[in-house]
Structures are given as C-alpha cells and as structure tokens.
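Protein chains in written order, with our numbering: chain A, 23 to 271; chain B, 73 to 309; chain C, 21 to 318. Working notes, structure below.
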Amino acid sequence: MGDEVHGALAMKAPLLTLRAAGLRHGRRVVLDGVDLELQRGERLALVGANGAGKTSLLLLLHGLAEVTGRRELHALEPEGREPRIAMSFQRPFLLDLTVRRNVLLGLWLQRVPRAERAVRCAQALERAGLATLAGRRARELSGGQQQRLALARAWALRPDLLLLDEPTANLDPTAKREVEALIASFAHDGITVVMATHNLGQAKRLATRVAYLEAGRLVAALPVDHFFDGGGLPDAAHRFLRGELPWPT
Amino acid sequence: MSSLGASVATAFELVLGADTRLAQTVLLSLQVSGTATLVGSALGLVAGAWLATTRFAGQRVVVALLNTLLALPSVVVGLLVYLLLSRAGPLGELGLLFTPAAMVVAQSILVVPLVTALARRLVIDALAEGGDQLRSLGAGSLALALVLLVHQRFGALTVVLTAFGRAIAEVGAVMIVGGNIDGVTRVMTTTIALETSKGDLPLALALGIVLLAVVGLLNALVALAQSRSTLPREALA
Amino acid sequence: MADLNLGALSRTLRALRPPRPLRRLLLALATVLAAATLPGPPGAASAQAPERFIVMASTTSTEQSGLFRHLLPVFKKATGIDVRVVAVGSGQALELGRRGDADIVFVHDRAAEDRFVADGFAASRRDVMYNDFVLVGPRADPAGARGTDIAAALRKLAPSALPFVSRGDRSGTHAAELRLWQAAGVDLAAARPAGYRECGCGMGPALNIAASLGAYLLADRATWLAFRNRGELAILVEGDRSLFNPYGVMVVSRARHPHVKEDLAQRFADWVASPADQRVIGGYRIEGQALFFPNAGQ
C-alpha cells in the first residue's frame, strides 16, 4: 500500500457516521439512538448479549437495512471515492457450487470484467489458503474452511470496510485460530473491520475499540484497553463482563 | 379385476409388438408435453423465482391469483386457447388450430402457474437462508432470483418433472385444440379417452399402463442422473 | 440490478454440466423434442411438397364406427389429399364449420344442415349415405318394447320408471331422439319420464352408461356394432322408417371464409358421392353387417 494511504491511516479519518440511528422490524424497535463514528483503519468489536442488536447494527452499517436517523458514508482520502463495504454472516451462506464459483459470483455481481474476475478469485483463494480446494463443492468444506471461503469472497471485492457477524462461532480452536489470523491480516492491510463477537478474549486480541450493546442501544464504545480495565463502564457492562448479565427481558 | 390382468397382458403385447401407430402416438405425447414443459418451465421458473425475491405493491393479490390458477381445469384452458386460435378468433390467421403446435401452446399455459408457484416456494426457502448475504454482495432482485434457482437446481428439476406429469396426463386441453385427429394430433390420453368411449375398456386400460410405463422410465432416468451428479466432482472426472 | 453478462451466466450454468454419457442422451432428447415445434404430423419428413390436406368436421358416432379408417385411405390414394377428421358432436361440428375452423362438414342432422346452408355457410348440401338408429335395451325387456314400431315402444316407456339414457348433447342422434319422442306424442318438457337420464355425452359413453344401468337407449347401428361393452343390452326395435338417419356433406363456403380450401374440399364432396366411393361405403361391414347405405344418387 502506498505511503499516502498509510499516512492517511495514521490520522483520524472518519469512514462512516451514524447519528441517532435506529432500525425497526415492522413495529418492533430493534435499534435506537445509536451514535457511532467509525474511523478508517480501526478494528471495532461489538459485544453484548443475544438479541442486543449486534447483527442489526452490522446491517445498518452496511446499508442493507433501512435506517431511521442518519447514516453517512465519507469519501475516502486520498482515493477520492466512497468506501466499499462487504459483509459476512454468522453461518456463511455458500451456494451449492464449487469453491471457486462462489468467489466468482461475488465478483460477477459487482460487474468486474471477466479476465480480472479470474485473477482476483485466484488471489482471494490463495490468500485464504483455499487454493487447493478450488474445485470442490463448497458445501463439503469443514466449518472453518467455509468461514474462510466466506471471507475470501468478501475480500475479493476489495472492501474498505469489512463487517463480520460472529465469524468464529461454532468453530473448533484450530479453525478459530486460522480465521482470526486471516481477519488480522486483512486488518493489517488497512481494511477497517467491525466484528460482532461473543468471545471476549477474541475482542481483546483483535480489536482496537470495543462497543457494548444492550437492548438495542449502544451503551458504550471505548478503546480496547479502557474497556477491559473497567473504567468508565456502566454497571450493566460490568455485569456482562463478569458474565452475570441476565437474558434480555 | 380380471380386466386389469387382461390389460396388463395387452400392454405387454402392444409394447413388444412394436406397433407403429402406438409408437407414433407415444412419441407425439412426449414431444408435445416435453416441449410444453420446457417452454412453461423456462417462463415459470424465472417468474416464480423473481416473485420470491422482489417486492411490489399488490404482490399478495398476484400470489393469490397465482394460487387460484393452480386449479385451472385443463378443459377450460383448452377452450380459451381454442377461442384464441380459431379462425373466428384473434389469432386465427396463424392457422395453428388442430396442429401439435396448438397443443404445445395449451399445455404450456397449463403448466406455467404450477411451475411459477412451486419455483416461488423453492426460492423463498433459499432466500430465508441466504437472501441477506447475496444482497450484501450486490445482487438485485432478478440476479438474486437466477442465482437462487441455480443454487436450488435439483429442486427446480423436481418442479419441472411435476409440470411434465401434469402436461402428459391431461386430456381436456389437448382434445379441444388438437381435435384428436388420427395420425396428426392424437396423443396417448386422447386415444385412451377414445377407446373408453368406444367401450373398448381393456385396450384403454392397456394404453394407460403403457403411458405410465413410459413416464416411469423417464423419471427413472432423471433419478439416475441426479444421483450421479451429487457425487464429488473428482469421482466423475 | 447486476448486469446479466451472458458469459458469466453461461459459466455459472456450466456448473450444471452433467457427466458425458448423460449429455449425449439429453442431446438426443432435445433433438427429438425440437421436432415437435413443427406444425404438422410427425414423420412428415418426406420430400413431398407442403402436404395437401383438408380439415373435416364430423361426428363421434361416424368416427367410432370405423368408417373413416376404411374410407379415407382410399381417397388419399386416389387424390393425394389427406383428410384430417375432427370428431365431435353434430352441433359442435357445424359450429366448427361456421367459425371456419373446418373446410368441410359431414354430419347427420338434416334440419341443422339446412339451416347451415340457409345461413350461407355452405353453398349446398349433398346426400351421401344413411344408416339407421336402433332402440337397444335390456335383453329381458321389462317394458315390452320389442318390435318394429318405435313410436309404440316409446309410448310404452314413457309412463314406466325404467331407465332411459339420452345423449343430451345437441348431436344428430340427440336431435333424432327428440323428434321420435315428439312423433310418439310424448311431451318431454311437460311430463318427463321418471327414468329419463341425460348424460351430455357421446354415443360410446352413453352406451357404457346404458350397459351398466341396464337402460334403454337410442343408438346408431354403426356405433352399436362397433361397441364392445354390451353387457345385457340387445337390439329391441329396428327397421322402422322413421329410424333412418341420413348423412350429408357440405363444403364450407369461401364467400364466408376466404381461407378455406374449397377446391380440395369439393373434390372430397364429389368423390364421396361418386359411384366408386359409394361402393366403398356400402362395402364397409362389421360382423358381416353393412353399416351404411349409400344414397348419393337418390
């Protein structure tokens, strides 16, 4: 990556801003009053109990869901274009096709020209360590391999912002490590990552900032060290950290 | 039922005797219903998948209408197509009435609502699983519909076979628009109807058995093809 | 909406590519199916010029008697013209003629035929042949209808509650049946016989119903002779003059429908009345009995 970009990353550069943003499912309010400014290059972990709104916040950030309030994408400097966003869901949805075709599909949907598609697909599979499995049926892969495939598919689109919904849930420790390593390498390249996770250790390992959600509200968002130090956190967040948080009522 | 036993015996005789007239009739049935199934499925699969992925005002009305059309009697379809293709009707100049082409038209129309409704169901189920993910990759409604159809291709094949069953088994539409002309538009089902009305019930039943056997053979071939393609690709290379 | 780049679509579709041997089978199937899109009979792949054919609207009873299978090949050999028979009830056959969906009409309902000509749908009507109706019923004949007088038989049936099957389909046979009731002095509208059942169906199905019910029924002799499912039924009344059933042929007029193949149809009309063909008609027999009696010259 060019020096200009690295330089830009060193300064504070907002990527996406949410102001009093919310999300409704029919009549039910799923998220409410979210204020968040996403910085370029940061790694934000979203933590909270089930049903707190982590997935909904990711959908809101992506733009897939209709937002009440404000959602603003900021043009990238120095590239001078809008940021590209890619998202991967908790259970990776893979088509009943080969590994290679699954990655190609994403590129096809983005109208990438044919020759370039093949190149980027090969690069993505290589990057994710799946090159030898390119011809296999995607549904036959192991859990960890499928998750890496989903990440490869997202990465092939050259996103500036990568949204991940519990990427290592249901994976065994080895697979978990492989996936985390891949995410870390993406982040190292300068991709901004927002990741919902249940695994506090993972948040501590990977994130630069941690946000805590409860009952549809973004209660706190602190740099990772501060978050786990416990300073400035509301009681509910404390209780969550200590694992005593009751199920949402 | 002794006539059933006699009919099975007659069915064997007919097939082994390689009666040319019977062979021609069977072939015509397969051609007409096969073509109608392909045409109707091409339209219905895309329409049904798209209905599942898109959202527009009045959608529920369209779906309710679609489900109503599932109950469309074949003889009504035949009558409507007859009125269309009759010389006294709007498309009379095409001169299609009483030809196999008219039968294909009628059966295609019969098959489209069925395929559309089933394809919609098929895609809705897949959509629940992967709609968000595919949309996040940039898929619009039509692209989403096509991708999910490919994803569900085995289910889609079952839909097509169901449509074929409906087409080849119907007699009402094909009788009216085809005219059951000996050697030209006489298919298996209309032959069975004719022999029944002539009182030759054993022969009618035998022909019915032959028809079932032919369709059964077709389904067996398709099942074979399906089972082979679920093997890993390397095994087939 | 993502663009439908055909190249990408084809590559995605290649995911469906079946194994090699199956591909050949599918290709064969596809070729066979493609042949169906050609209008016209299968196997008409001969080097012949566009096949000469006419569409003839006739009745189910005539077709089921087997006459056409006997007659039409002779005509084809003599003239090279294919006659495509659409067999429906007389009423529907005349309707086909009126709509111009048939080139020639061959039915047995004199009154309706005269109306057809009067309305200008055909230039004229020509006698071809006649067959006769018979009253069939249960062999045991509970009504005592047996004999040669149809009017007397119907008069015996009317007050009884014995089952009588009527075609009720506006066919030539149905029209004849109604005329016979009227001639016998029975007013069906005013006092319907208790056992009278209308099926709205063709001759064959009506016979099926009569056979299973053990009912009385007016049938044309031709269909009766070709009918296999007789059960307890037998002929009870025959030979009465009023049971005669004349057939007429009418060429649909080009003045009304410019597209009809009037010249080819006329050739059939002429041929069917010719002495040669009249002999063919007379020569058609089932179980040694002649079904139809040619009367074109009379």
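We put the beta carbon where it would ideally sit given N, CA and C, even for glycine.
Cut-off 7 Å between Cβ atoms - residues of its own chain near residue 98 of chain A, not counting five sequence neighbours on either side: Here the set comprises 105 and 182.
Going by the DSSP bridge assignment, what does residue 61 of chain A pair with across the sheet? Bridge partners of residue 61 of chain A according to DSSP: A:36.
Nonlocal neighbours in the same chain, by C-beta distance under 8 Å from residue 162 of chain B, ignoring five residues either side: These residues qualify, in order along the chain: 156.
Beta-carbon spacing of residue 145 of chain C, residue 137 of chain C below 7 Å: Yes. Within cutoff.
What's the C-alpha gap between residue 106 of chain C and residue 89 of chain B? Each residue's alpha carbon lies about 28 Å from the other.
Out of curiosity, what's the CA-to-CA distance linking residue 59 of chain C and residue 197 of chain B? Low confidence applies here, because residue 59 of chain C scores a pLDDT of 43, under 50, leaving its location unreliable; read the following figure in that light. Computed Cα separation, rounded: 40 Å.
Rank B:268, B:251 and B:195 by C-alpha distance to the C-alpha of residue 147 of chain B and give the top, closest one. When each option's Cα is compared against that of residue 147 of chain B, the closest is B:251.
Which residues in chain B sit within 7 Å of residue 84 of chain A, going by Cβ to Cβ distance? Those within 7 Å of residue 84 of chain A in chain B are 208.
What does the alpha-carbon distance come out to for the pair residue 161 of chain A and residue 148 of chain A? Distance from the CA of residue 161 of chain A to the CA of residue 148 of chain A, rounded to the nearest whole angstrom, comes to 19 Å.
Buried versus exposed, by CB contacts within 10 Å (16 or more), residue 23 of chain A: Residue placement at residue 23 of chain A is flagged as unreliable, the pLDDT there being 47, under the threshold of 50; the coordinate-derived value follows with that caveat. Counting Cβ neighbours within 10 Å, residue 23 of chain A comes out exposed, since fewer than 16 surround it.
Closest Cα partner of residue 130 of chain C within the set C:265, C:253 and C:298: Taking only the C-alpha atoms, the option nearest residue 130 of chain C is C:265.
Assess, as a yes-or-no matter, whether the segment 211-221 of chain A is touched by the segment 122-137 of chain A under the definition of 3 or more beta carbon pairs within less than 8 Å. With the cut-off at 8 Å, the segment 122-137 of chain A and the segment 211-221 of chain A do not touch.
For chain A, is any of its Cβ atoms less than 7 Å away from the one on residue 157 of chain B? Under the 7 Å criterion on CB atoms, residue 157 of chain B is classed as non-interfacial with respect to chain A.
Mind listing the chain C neighbours of residue 170 of chain B? Cutoff is C-beta to C-beta under 8 Å, in chain order. Taking a Cβ-Cβ cut-off of 8 Å, the neighbours of residue 170 of chain B in chain C comprise 75, 104, 106 and 121, given in sequence order.
Residues that DSSP places opposite residue 272 of chain C in a beta bridge: C:142.
One question on the structure: do residue 204 of chain C and residue 175 of chain C come within less than 7 Å of each other, judged by their Cβ atoms? Against a cut-off of 7 Å, the Cβ pair of residue 175 of chain C and residue 204 of chain C comes out as a contact.
Taking a Cβ distance cut-off of 8 Å, strictly less, list which residues of the segment 267-289 of chain B are near chain C, in chain order. Going along the segment 267-289 of chain B in chain order, one finds 268, 269, 270, 271, 272 and 273 with a Cβ nearer than 8 Å to chain C.
Along chain A, which residues have their Cβ under 7 Å away from the Cβ of residue 201 of chain B? Against chain A, the beta carbon of residue 201 of chain B has neighbours under 7 Å at 115, listed in chain order.
Suppose only complete runs of 3+ residues qualify. What are the beta strand (DSSP E) ranges in the segment 156-244 of chain C, listed by chain order? Runs of the beta strand (DSSP E) inside the segment 156-244 of chain C: 184-186, 216-218 and 236-240.
Are the segment 100-115 of chain C and the segment 154-172 of chain C touching by the rule of at least three beta carbon pairs closer than 8 Å? Flag = no, the segment 100-115 of chain C and the segment 154-172 of chain C do not touch.
What does the Cβ neighbour count give for residue 75 of chain C, buried or exposed, with the cut at 16 atoms within 10 Å? Classification for residue 75 of chain C: buried.
Does the separation of the CB atoms of residue 292 of chain C and residue 280 of chain C fall below 7 Å? No; because the gap between Cβ atoms is not below 7 Å, this pair is not in contact.
Would residue 126 of chain C pass as a contact of residue 257 of chain C if the rule is Cβ separation under 7 Å? When the beta-carbon positions are compared, residue 126 of chain C and residue 257 of chain C stay at least 7 Å from each other.
Boundaries of the beta strand (DSSP E) in which residue 301 of chain C is found, first to last residue: Under the DSSP assignment, residue 301 of chain C falls outside any beta strand (DSSP E), being part of the alpha helix (DSSP H) whose first and last residues are 295-302.
Exposed or buried, residue 124 of chain A, counting other C-beta atoms within 10 Å across all chains shown (16 or more means buried)? Around the CB of residue 124 of chain A, 16 or more other CB atoms lie within 10 Å, so the residue is classed as buried.
With C-beta atoms as the reference, is residue 238 of chain B less than 7 Å away from residue 120 of chain B? No, Cβ-Cβ distance for residue 238 of chain B and residue 120 of chain B is not below 7 Å.
Roughly how many angstroms lie between the CA atoms of residue 201 of chain C and residue 182 of chain C, to the nearest whole one? Computed Cα separation, rounded: 16 Å.
For the structure I just gave you, are there three or more beta carbon pairs, one from the segment 114-130 of chain B and one from the segment 217-233 of chain B, closer than 8 Å? Verdict: yes, contact present.
At least one CB of chain C closer than 7 Å to the CB of residue 307 of chain B: is that the case? Annotation note: pLDDT 38 at residue 307 of chain B (below 50); position unreliable, no value reported.
Alpha carbon to alpha carbon, how far is residue 84 of chain C from residue 166 of chain B? Whole-angstrom Cα-Cα distance: 30 Å.
Between residue 38 of chain A and residue 68 of chain A, which are expected to be in contact by the criterion C-beta below 8 Å, what is the C-beta distance as a whole number of angstroms? About 14 Å; that fails the 8 Å criterion.
Give, in chain order, every residue of the segment 232-255 of chain B whose Cβ lies closer than 8 Å to some Cβ of chain C. Here the close residues are 251, 252, 253, 254 and 255.
With distances taken between CB atoms, is the gap from residue 87 of chain C to residue 304 of chain C smaller than 7 Å? Their beta carbons are under 7 Å apart, which means residue 87 of chain C touches residue 304 of chain C by this criterion.
Measure the beta-carbon distance from residue 157 of chain A to residue 120 of chain A and round it to whole angstroms, keeping in mind my assumption that it falls under 8 Å. About 6 Å separates the two Cβ atoms, so the contact holds.
So the alpha helix (DSSP H) residue 126 of chain C belongs to, where does it begin and stop? Note, residue 126 of chain C: premise wrong, no alpha helix (DSSP H); beta strand (DSSP E) at 124-127.
Contacting positions in the segment 88-119 of chain B - beta carbon closer than 8 Å to chain C: In summary, the residues of the segment 88-119 of chain B whose CB is separated from some CB of chain C by less than 8 Å are 96, 99, 100, 102, 103, 104, 106, 107 and 110, in the order they occur in the chain.
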